[in-house]
Every structure is written in C-alpha cells, then in structure tokens.
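**Student:**
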Amino acid sequence: MMPQLPNSKMYIPEISETVQSQARSLAANPSPFAQTTFVLNSTGVAGLLGGEEAMSTVALAQVYDSRRWLGWYNTPGVESEVVHIDPALLLQHDGWPKGPVFKGIYSGTSLQVTGPLASLLMKKCVRKPGVSIPGRTTQPVNVTIARLEKVPGLKPQMKFHHSPPICAIIPIVVSLATCAMCGLYGEWYGFSMILLGILARGLTCVFIGSGELLFDHPKCAEGSPPGDGILGCDHELVLLKGAENVVNAVTRGRFFFSFRSKHTCRMVELCSFLLIAQAIAQLICVPQSNFFGQLMFAFSIATSWVYNLWFVSFDKEEVRQKIFCDVLGSPQLDKFVFPNRCSAIVSLLLFSGDNQGLSSDPKKLMKTMDGLLPSGSLVWGIWKEIVIKHLTEELPLHFDDTHWNHQDLNSESDRMLLKTLLKDAQTAYDAFINKR
Numbered sequence: 003m004m005p006q007l008p009n010s011k012m013y014i015p016e017i018s019e020t021v022q023s024q025a026r027s028l029a030a031n032p033s034p035f036a037q038t039t040f041v042l043n044s045t046g047v048a049g050l051l052g053g054e055e056a057m058s059t060v061a062l063a064q065v066y067d068s069r070r071w072l073g074w075y076n077t078p079g080v081e082s083e084v085v086h087i088d089p090a091l092l093l094q095h096d097g098w099p100k101g102p103v104f105k106g107i108y109s110g111t112s113l114q115v116t117g118p119l120a121s122l123l124m125k126k127c128v129r130k131p132g133v134s135i136p137g138r139t140t141q142p143v144n145v146t147i148a149r150l151e152k153v154p155g156l157k158p159q160m161k162f163h164h165s166p167p168i169c170a171i172i173p174i175v176v177s178l179a180t181c182a183m184c185g186l187y188g189e190w191y192g193f194s195m196i197l198l199g200i201l202a203r204g205l206t207c208v209f210i211g212s213g214e215l216l217f218d219h220p221k222c223a224e225g226s227p228p229g230d231g232i233l234g235c236d237h238e239l240v241l242l243k244g245a246e247n248v249v250n251a252v253t254r255g256r257f258f259f260s261f262r263s264k265h266t267c268r269m270v271e272l273c274s275f276l277l278i279a280q281a282i283a284q285l286i287c288v289p290q291s292n293f294f295g296q297l298m299f300a301f302s303i304a305t306s307w308v309y310n311l312w313f314v315s316f317d318k319e320e321v322r323q324k325i326f327c328d329v330l331g332s333p334q335l336d337k338f339v340f341p342n343r344c345s346a347i348v349s350l351l352l353f354s355g356d357n358q359g360l361s362s363d364p365k366k367l368m369k370t371m372d373g374l375l376p377s378g379s380l381v382w383g384i385w386k387e388i389v390i391k392h393l394t395e396e397l398p399l400h401f402d403d404t405h406w407n408h409q410d411l412n413s414e415s416d417r418m419l420l421k422t423l424l425k426d427a428q429t430a431y432d433a434f435i436n437k438r
C-alpha cells in the first residue's frame with residue numbers, strides 16, 4: 003500500500019516559466035572568458051587569413067552549377083574599391099602569370115603573350131619527364147612535341163559547368179554556429195560582424211554566380227595553313243602541331259564572364275561597396291566585443307580560410323584539368339631533353355616538317371632559325387645554309403669534312419666551330435629518325 007503524503011500546499015512551476023527563467027539566467031551570465039582583456043587585431047586577422055585572396059574563389063561561382071548558393075559563410079571584407087574577379091586566375095600558376103611567347107612556323111604569327119591555356123599546357127610539359135638525347139652537352143634544352151587533335155565540342159564560345167564539392171557546406175555550418183553562439187551569450191558585436199560577413203559573401207556569390215564562364219577564341223579562315231608553332235622560353239620549348247583553330251584556342255583563347263543584364267552588373271558593383279563597408283565595420287566593431295565574441299569571429303574566419311586554401315590548392319586544379327580537357331582533349335606529348343640549344347632547334351624543324359612541306363620553303367626555315375639561334379656570325383650563317391639545303395632537298399643530316407672545310411672559312415677555329423655545330427644537327431636528326 004502506497005504511503006500517503008502529508009496534505010501540504012506545494013507549488014509546481016509550469017514548464018514555460020522554467021524555460022523563461024533559464025533563458026534569463028543564461029542571458030544574465032557572462033560569456034566565457036568575460037574577464038579576459040585581450041583585444042583581437044581584426045586587421046591582422048583579415049590580412050593573415052585572407053581578404054582579397056578569399057574573394058578570389060568567388061570566380062568559381064560561375065563554373066559550378068550550384069556554387070552561387072554555397073557562399074554563405076564569413077570571410078574578411080576587402081579594402082579595394084572594386085572587387086576584381088578575373089577568370090584567367092583559374093588557369094594561372096606560380097611563375098606563369100601569362101602564357102609564354104609563341105612563334106608560328108607556317109603562318110608567321112608572333113605573339114609575345116599568349117592565353118591561359120598556353121600557360122597550363124606549358125606547365126604540363128614542364129612537369130612531364132623527358133627522354134635524354136646523348137650529344138655535346140652545354141646547357142640542356144627541353145623540347146616537347148604536342149600533337150593537338152580537334153575536339154568535336156570545340157566551339158568559338160564554350161560554357162563550363164561542374165558539380166560543387168560536398169565539403170563546401172562546412173564553412174557555412176561553422177559560420178552559422180559561431181554566429182548563433184555569439185547571439186546566445188549576448189556578444190552582439192561578434193554576432194553582427196559574423197552575420198555581416200555571411201551576408202556580404204553570400205550576396206556577392208549569388209550575383210556573380212548568376213553569370214556564366216565562357217571561353218572564346220578567334221575562328222580561322224578557310225584554307226589556313228597548319229597552325230604549327232613554337233611555344234616557350236629559352237630552355238623549355240614546345241612544338242604545337244595541329245589545325246589552326248586548335249592552336250588558336252591555345253595561344254589566343256581567353257576566358258570571360260558574361261552577365262545576362264546590366265542590372266546584375268550594377269548589383270555586383272554594389273556588392274563590392276558592401277565588402278568595403280564590411281572591412282571598415284570589422285575594423286571598428288570586432289575589438290569592441292569581449293574575448294569570446296572575438297574568438298568566435300576568428301574561428302569562423304579561420305575555418306573559411308582553411309576551406310578556401312583547400313579549394314585553391316586542390317579543387318581548382320580539378321577545374322583546370324576539366325576545362326583543359328573540354329577544350330583540348332588529351333593531346334599527345336612527347337618530350338626530349340637535348341644536350342644543347344642547336345640540336346633542340348634543328349629537332350623542332352624536323353618534327354614540324356614531318357607534317358607538311360616546311361622543308362620546301364627555305365625562307366621560312368631561315369626565319370625560324372634566325373628567331374631562335376644567333377645570327378650575324380659568318381659561321382652560324384654558313385651552318386644554317388648547309389642545314390637548310392639538306393632539309394629542302396630532303397637529305398639526311400649527315401656531314402663530313404667537305405661540309406665543315408668551307409671555302410669561306412679561313413681560320414681553323416671557325417672550321418672547328420662549324421664541325422661542332424654540324425655534329426649537333428646530326429644528333430638532332432638521329433633522334434628524329436629513332437623517335438618519330
């Protein structure tokens with residue numbers, strides 16, 4: 003039998019009153035680290051963990067199908083007047099801000115600066131291991147033969163779309179969580195600055211992401227000669243072999259953003275001013291918050307910085323490869339390491355002439371040689387004439403004393419130099435016969 007409780011009046015509070023009491027108690031309690039007097043240098047945090055660097059990833063909002071909706075996380079504001087979003091940054095890499103010099107063999111085209119695809123192709127060639135060619139060693143020169151095939155989907159203008167990574171939601175969750183924690187403990191300065199960063203970044207991604215990333219390259223005229231040409235610098239040369247429109251895509255192709263209306267462009271400009279206002283507000287308001295609010299702000303910024311760093315280092319590389327394959331497919335790359343520049347240049351002429359009758363035009367051969375090798379010297383001039391004669395007459399580049407004992411050379415040193423250069427040309431010819 004249950005014991006009877008004494009008849010006494012007992013007050014049992016309602017659940018709603020209990021919740022309200024706990025909420026008032028929580029609001030009255032100071033936030034963690036409330037007694038700490040540390041003041042966060044928001045300018046230093048923004049400079050260390052991104053700013054304009056963090057905003058550079060906004061350019062990818064137009065590449066991914068849904069990325070425009072995945073920018074709602076806190077990042078530092080920017081202090082520049084206008085946000086500069088350059089799509090060419092997607093294909094740039096250290097040491098190659100622009101594409102290298104290009105010289106067309108058949109067309110005579112000469113470009114001092116080429117497009118971002120040329121920069122990416124050069125990067126691929128630099129990383130590729132090569133076959134060493136024995137011979138007289140001075141300063142090795144790398145020669146890559148890039149056979150470009152026409153991709154069926156290659157058009158004067160192309161659009162690109164990719165699926166966003168799943169981890170893109172991580173900085174969003176962290177920013178919202180830190181913002182909620184600041185609001186829960188009454189850290190309103192930290193709360194407002196995190197929320198402002200979320201809105202500024204999110205709106206910028208929405209409006210910039212409303213555009214499309216397009217690739218454009220000039221269309222070649224009908225009957226144009228092959229687009230073969232030499233791309234590269236002193237010790238890294240690439241021979242582009244392919245149709246004129248494919249080579250144009252590499253050397254003259256450009257990326258740009260296209261917006262549907264002028265209204266969207268104006269909204270992008272307004273977002274740039276919002277980011278400036280955000281930077282100023284963070285500079286003033288973040289130090290006013292207690293240490294807990296500053297800590298939440300710094301944690302959200304640090305998480306976004308880690309994500310942006312991963313994105314720039316790894317995910318952007320996948321975007322580069324995807325765009326490269328969409329435009330150029332999988333070009334065949336054959337790389338050779340020649341022991342000296344003379345052999346390297348002769349090999350370029352041999353591999354280029356293998357596709358079309360370059361050897362039938364001595365003027366183009368001489369022009370190409372003069373652009374890549376020393377000119378004005380008697381010995382070099384005689385050497386070029388001998389090599390060009392063999393190429394135009396389709397003779398093997400094999401030489402004997404009748405060639406280097408030239409009647410115009412009076413000194414023994416000049417004849418020895420000519421003999422050395424002819425041996426270098428023979429080295430290139432032997433490599434061409436064995437590797438083609």
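Take 3 as the starting number for the sequence shown in this note's numbering and just add one per residue. Backbone N, C-alpha and C fix where the C-beta goes; we use that ideal spot for every residue, glycine too. All figures in this text were calculated on a predicted structure; none of them were measured in a lab.
(1) Report the rounded CA-to-CA distance for G73 versus V175, giving the unit in angstroms.
(2) Taking just the CA atoms, how far does G211 sit from W71?
(3) Consult DSSP for R256 and reduce its assignment to one of helix, strand or coil.
(4) Any idea if L242 is buried or exposed, counting beta-carbon neighbours within 10 angstroms, 16 or more meaning buried?
(5) Give the range of the beta strand (DSSP E) segment to which Q334 is assigned.
(6) Could you check what DSSP says for T2 in three-state terms: helix, strand or coil?
(7) Whole angstroms are fine: how far does the CA of G188 sit from the CA of S302?
(8) Which residues does DSSP list as the beta-bridge partners of T116?
(9) Taking the beta carbon of F257 as the centre, do at least 16 other beta carbons fall within 10 Å, making it buried, or is it exposed?
(10) Tell me which residue opens and which closes the beta strand (DSSP E) that K437 is part of.
(11) Could you say which of G331, L197 and W382 lies nearest to V248 if we only look at CA atoms?
(12) Using the three-state DSSP reduction, which class does W307 fall into: helix, strand or coil?
(13) What residue does the beta strand (DSSP E) around V240 start on, and which one ends it?
(14) Secondary structure at L349, three-state DSSP: helix, strand or coil?
(15) Please determine, among G192, R254, L411 and F261, the residue with the shortest C-alpha to C-alpha distance to Q296.
(16) Please classify S23: is it buried, with 16 or more other beta-carbons within 10 angstroms of its beta-carbon, or exposed?
(17) Can you list, in chain order, the residues of its chain whose CB lies under 8 Å from that of V84, leaving out five sequence neighbours each side?
(18) Near L350, what residues of its chain come up, given a Cβ to Cβ distance below 7 Å and the 5 sequence neighbours on each side ignored?
(19) Run through DSSP, which three-state label would L178 get?
(20) Report the residue from P131, L150, Q114 and A170 whose alpha carbon sits nearest the alpha carbon of L311.
(21) Thinking C-alpha only, which one of C287, P118, S377 and P142 is nearest G255?
(22) By a C-beta neighbour count over all protein chains shown, 10 Å radius and 16 as the cutoff for buried, is K337 buried or exposed?
(23) Counting pairs of Cβ atoms below 8 Å between the segment 211 to 228 and the segment 122 to 131, do you hit three or more?
(24) Once the 5 residues before and after M183 are set aside, which same chain residues still bring their CB inside 6 Å of it?
(25) Tell me which residue opens and which closes the beta strand (DSSP E) that F217 is part of.
(26) Within 10 Å of its beta-carbon, does N412 have 16 or more other beta-carbons around it, so buried, or fewer, so exposed?
(27) Helix or strand or just coil, what does DSSP make of L277?
(28) DSSP three-state call for V270: helix, strand or coil?
(29) Check the C-beta distance from F259 over to L201 and give it rounded, since I have them as a contact under 8 Å.
(30) Kindly indicate which residue of I135, S112, L367 and T77 has the alpha-carbon position closest to the one of S345.
(31) Return the chain-ordered list of same chain residues with a C-beta closer than 6 Å to the C-beta of I347, the five sequence neighbours on each side being excluded.
(32) In whole angstroms, what is the alpha-carbon distance linking H392 and A430?
**Tutor:** Walking through what the data contain:
(1) 11 Å
(2) 8 Å
(3) strand
(4) buried
(5) Q334 to F340
(6) Residue 2 lies beyond the residue range present for the chain, which begins at 3 and ends at 438; the question has no answer from this structure.
(7) 17 Å
(8) G101
(9) buried
(10) Unbroken run through K437 is the alpha helix (DSSP H), E414 to K437; no beta strand (DSSP E).
(11) G331
(12) helix
(13) E238 to K243
(14) Contrary to the premise, residue 349 reads as Ser rather than Leu in this sequence. Note: S349 maps to helix in three-state DSSP.
(15) G192
(16) Reliability of the predicted coordinates at S23 is poor, the pLDDT of 49 falling under 50, and the value obtained from them is presented with this limitation in mind. Counting Cβ neighbours within 10 Å, S23 comes out exposed, since fewer than 16 surround it.
(17) In this prediction, V84 has a pLDDT of 45, which is less than 50 and means its spatial position is unreliable; what the coordinates show is noted afterwards. Cβ neighbours of V84 beyond the five flanking positions: E271 and S274.
(18) V145, I232, L239 and L241
(19) helix
(20) A170
(21) P118
(22) buried
(23) no
(24) M298
(25) E214 to D218
(26) exposed
(27) helix
(28) helix
(29) With 8 Å as the limit, F259 and L201 do not qualify as a contact, their Cβ atoms being about 22 Å apart.
(30) I135
(31) L374 and L375
(32) 13 Å
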